[in-house]
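Novice: One structure follows; several queries about it will come next.
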């Protein structure tokens with residue numbers, strides 16, 4: 001057996017990569033992909049714990065996360081496409097219609 | 001272990017089911033409706049029926065449904081009633097505003113209803129799965145509503161910013177839930193309590209999970225340092241959406257925060273109190289200080305809403321102290337109700353003065369309002385006094401209960417910060433009043449019957465309820481948290 | 001039972017072999033007789049107009065997003081369909097309600113004209 005900890009470490013690394021990506025990148029699409037990475041890190045943790053405890057709860061949770069993430073993707077991509085059409089850029093630093 | 005679903009299970013979330021179904025139907029009906037006002041009235045009818053169902057449902061207080069996924073307790077009924085009322089107020093404010101701004105699209109009303117049903121489910125959630133689902137269910141329509149003034153650039157950008165940071169916060173919540181699940185082998189709140197009580201839970205994992213959930217919900221209710229989206233989203237969104245978002249989303253976020261932390265994580269309070277202490281002090285300071293230099297009323301109210309999240313969090317800091325928890329939760333509920341009333345009133349004034357093209361939003365533009373529209377200026381003065389916490393308004397009574405809870409919990413330094421920042425806040429709230437009465441100007445208002453009615457009504461409520469606050473506080477203190 | 005890392009290694013190797021293999025096989029076996037028509041941008045049999053790095057019509061995205069939603073929501077239908085024989089009536093009905101909600105979404109998309117190809 002691959003020890004449980006390895007999966008958890010992988011999941012923490014993925015989550016940290018995702019969070020760092022959100023904070024460091026300026027392209028809305030890449031920020032968005034980083035957020036998906038965070039969600040999938042959580043999914044990995046859920047599946048790992050579900051296997052450790054021999055339960056199905058964690059796996060079912062993953063279903064819900066995937067479905068909710070898809071709904072978010074649809075809305076998010078629609079927003080990004082909309083902005084790209086009007087500004088021809090999805091760099092979040094260039095979104096300055098609102099004052100800082 | 002799991003029991004089959006009974007009719008009672010559906011009764012426990014009857015208003016939520018009804019509202020979501022009504023929103024689906026409304027979305028379809030709207031496709032064939034030419035006058036979007038019909039959709040507005042149908043949405044309001046749905047909310048009124050929802051209130052009726054809530055009344056009917058109240059007879060079953062004390063039940064859990066769907067294998068303890070949701071509960072029906074006094075707390076959830078109180079919060080849901082506030083949410084439904086705030087939905088009605090939001091629709092009333094949007095009714096004329098959307099048309100005037102040229103964004104009268106029928107989807108507005110179903111989206112508000114969808115978001116509301118998510119918020120109501122959140123107030124009833126007794127399992128972290130439901131918390132997550134309802135969080136997404138309330139947030140996704142709000143992202144769309146924020147960008148509703150499309151193709152206006154400010155609104156689109158506000159929508160994207162809110163979306164990116166909201167989804168980011170969602171990631172934190174999910175990961176926090178994963179850690180809690182890893183610590184307690186369950187996502188049910190009662191299961192977590194049992195696991196902690198029996199010593200099965202991995203406490204360090206549980207604390208980190210709780211902290212991540214706090215970060216995620218902190219984003220939703222705009223707690224510093226997770227508030228970056230608030231000013232932009234509140235300013236860029238159509239004002240009617242901001243009014244709804246700043247009241248209802250805050251209400252739902254705090255409902256979830258209170259339920260999760262006061263019930264499932266009350267044993268962790270020793271670890272969490274310093275964090276909450278710091279967050280609430282920071283939120284009060286930053287929110288009030290950054291509100292001072294604002295010249296745009298929407299942005300100022302956004303920072304003010306951050307500051308008020310800080311006051312609410314301040315009362316909640318003592319959640320783990322069994323002697324104080326009940327009083328502090330009642331104070332939080334009372335303050336949320338008071339804030340909802342005042343906030344809708346203030347946004348009503350903003351909506352009346354706003355003109356297409358982002359005009360009439362500068363605080364300087366309020367000059368001369370006292371002479372030209374004395375009644376409206378008086379209403380705005382009442383709301384500003386209430387937001388500061390001066391008599392004779394609801395804000396004073398609300399703050400009194402908040403500070404009483406904080407002092408009872410022996411968190412005197414925090415209370416001092418709260419009082420001092422309230423004094424600071426007088427600076428920028430009174431500037432609006434000074435502008436209205438002491439300066440000359442020629443402001444234009446758009447006399448919309450619904451917005452005028454709501455503004456007047458909220459002003460009357462702000463004063464009247466503050467004279468007789470006992471019954472509302474009684475209701476709030478009856479709104480007990482339970483898992484059954 | 002062999003070392004479980006063997007499986008992970010196998011996964012990585014197979015995951016790499018399949019795409020690389022497909023490309024390599026196509027390179028080796030495919031006849032190479034280039035002509036201008038073949039090298040032009042592929043666009044569903046139509047004659048290509050202009051540069052290929054143009055902005056796509058928003059329509060493409062609407063289709064893709066609608067597809068995405070319906071595709072992913074099917075994740076709930078698989079367990080539901082598999083447990084069909086063992087579930088009580090109300091669970092079967094809840095699945096039906098779920099599908100009805102999806103259909104409502106489809107009706108909305110259709111009526112809004114997002115499915116028209118213009």
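Chains as they are written, first to last, in our numbering: chain A, 1 to 100; chain E, 1 to 484; chain H, 1 to 118.
For each residue, glycine too, the CB sits at the ideal point set by N, CA and C.
The structure displayed is predicted, hence computed values, not measured ones.
#1: Run the CB neighbour count on residue 91 of chain A, radius 10 Å, all protein chains shown included, and call it buried at 16 or more, exposed below.
#2: For residue 54 of chain A, does the count of other Cβ atoms within 10 angstroms reach 16, so buried, or fall short, so exposed?
#3: Would a C-beta distance cut-off of 8 Å place residue 235 of chain E and residue 291 of chain E closer than the cut-off?
#4: Compare the C-beta of residue 24 of chain E against all C-beta atoms of chain H and say whether one is closer than 8 Å.
#5: Take the Cβ of residue 41 of chain A as the centre, count every other Cβ of all protein chains shown within 10 Å, and call the residue buried at 16 or more, exposed below.
#6: Whose Cβ in chain A lies nearer than 7 Å to the Cβ of residue 150 of chain E?
#7: Say whether the region 1 to 15 of chain A touches the region 142 to 161 of chain E, bearing in mind that this needs 3 or more beta-carbon pairs closer than 8 Å, one atom from each stretch.
#8: From H:111, H:81, H:69, H:80, pick the residue whose C-alpha is nearest to that of residue 102 of chain H; which is it?
#9: Enumerate in chain order the residues of its own chain whose CB-to-CB distance from residue 441 of chain E is below 6 Å, with the five nearest sequence positions on each side excluded.
#10: With residue 199 of chain E and residue 180 of chain E assumed to form a contact (beta carbons below 8 Å), what rounded beta-carbon distance in angstroms separates them?
#11: To the nearest whole angstrom, what separates the beta carbons of residue 331 of chain E and residue 388 of chain E, a pair I think is in contact under 8 Å?
#12: Given a cut-off of 8 Å on the beta-carbon distance, is the pair residue 96 of chain E and residue 112 of chain E in contact?
#13: In angstroms, rounded to a whole number, what distance separates the CA positions of residue 483 of chain E and residue 188 of chain E?
#14: Taking the DSSP output, what are the residues bridged to residue 296 of chain E?
#15: How many angstroms separate the CA atom of residue 63 of chain H from the CA atom of residue 106 of chain E?
#16: Start and end of the beta strand (DSSP E) containing residue 43 of chain A?
#17: State the beta-bridge partners of residue 91 of chain A as determined by DSSP.
#18: For the beta strand (DSSP E) containing residue 62 of chain E, list its first residue and its last residue.
#19: In whole angstroms, give me the CA-to-CA distance for residue 226 of chain E and residue 177 of chain E.
#20: Name the residues in the region 26 to 56 of chain A whose C-beta lies less than 9 Å from a C-beta of chain E; which are they?
#21: Got a sec, what are the start and stop residues for the alpha helix (DSSP H) residue 70 of chain E sits in?
#22: Following the continuous alpha helix (DSSP H) through residue 186 of chain E, name the residue where it begins and the one where it ends.
#23: Using the three-state DSSP reduction, which class does residue 442 of chain E fall into: helix, strand or coil?
#24: Considering only residues of the same chain and omitting the five flanking positions on each side of residue 325 of chain E, which have a CB-CB separation below 8 Å?
#25: Beta-carbon of residue 27 of chain E versus every beta-carbon of chain H: anything under 8 Å?
#26: Mind checking if residue 4 of chain E is an interface residue toward chain H, Cβ cutoff 8 Å exclusive?
#27: Since residue 268 of chain E contacts residue 207 of chain E with CB under 8 Å, what's their CB separation in whole angstroms?
#28: For residue 31 of chain E, which residues in chain H fall below 7 Å Cβ to Cβ?
#29: Just mark residue 88 of chain A as buried or exposed, buried being the case when its beta carbon has 16 or more other beta carbons within 10 Å.
#30: Helix, strand or coil for residue 356 of chain E, going by three-state DSSP, please let me know.
#31: Let's test the definition: count the other Cβ atoms within 10 Å of the Cβ of residue 435 of chain E and tell me whether it reaches 16, buried, or not, exposed.
#32: Rounded to whole angstroms, what's the CA-CA distance from residue 354 of chain E to residue 360 of chain E? Just pull it up for me.
#33: Does DSSP put residue 149 of chain E in a helix, in a strand, or in coil?
#34: Taking only three categories from DSSP, how would you classify residue 410 of chain E?
#35: Can you tell me whether residue 311 of chain E is buried or exposed? The criterion is at least 16 other CB atoms within 10 Å of its CB, across all chains shown.
#36: Ordered along the chain, which non-local residues of its own chain (more than five positions away) have a Cβ less than 6 Å from that of residue 422 of chain E?
Specialist: Result, derived from the coordinates:
#1: exposed
#2: Classified as exposed, residue 54 of chain A has fewer than 16 neighbouring CB atoms from the shown chains inside 10 Å of its CB.
#3: no
#4: yes
#5: Flag for residue 41 of chain A reads buried.
#6: 82
#7: No contact exists between the region 1 to 15 of chain A and the region 142 to 161 of chain E.
#8: H:69
#9: Only 367, 368 meet the Cβ criterion.
#10: About 16 Å separates the two Cβ atoms, so there is no contact after all.
#11: Separation of the CB atoms of residue 331 of chain E and residue 388 of chain E is rounded to 18 Å, and the pair is thereby denied contact status at 8 Å.
#12: no
#13: 10 Å
#14: E:362
#15: 22 Å
#16: Counting along the chain, residue 43 of chain A falls outside any beta strand (DSSP E), though it belongs to the alpha helix (DSSP H) covering 28 to 53.
#17: Beta-bridge pairing links residue 91 of chain A to A:27.
#18: Premise fails: residue 62 of chain E is in no beta strand (DSSP E) and is neither H nor E.
#19: 19 Å
#20: 28, 31, 32, 34, 35, 36, 37, 38, 39, 41, 42, 43, 44, 45, 46, 48, 49, 50, 52, 53, 55
#21: Taken as a continuous stretch (DSSP letters only), residue 70 of chain E belongs to no alpha helix (DSSP H), being part of the beta strand (DSSP E) at 70 to 72.
#22: Neither: residue 186 of chain E is in no alpha helix (DSSP H) and is coded neither H nor E.
#23: When DSSP states are grouped into helix, strand and coil, residue 442 of chain E belongs to the coil group.
#24: 262, 266, 318, 319
#25: yes
#26: yes
#27: 6 Å
#28: 108, 111
#29: exposed
#30: coil
#31: Per the 10 Å Cβ criterion, buried.
#32: 5 Å
#33: coil
#34: coil
#35: buried
#36: 389
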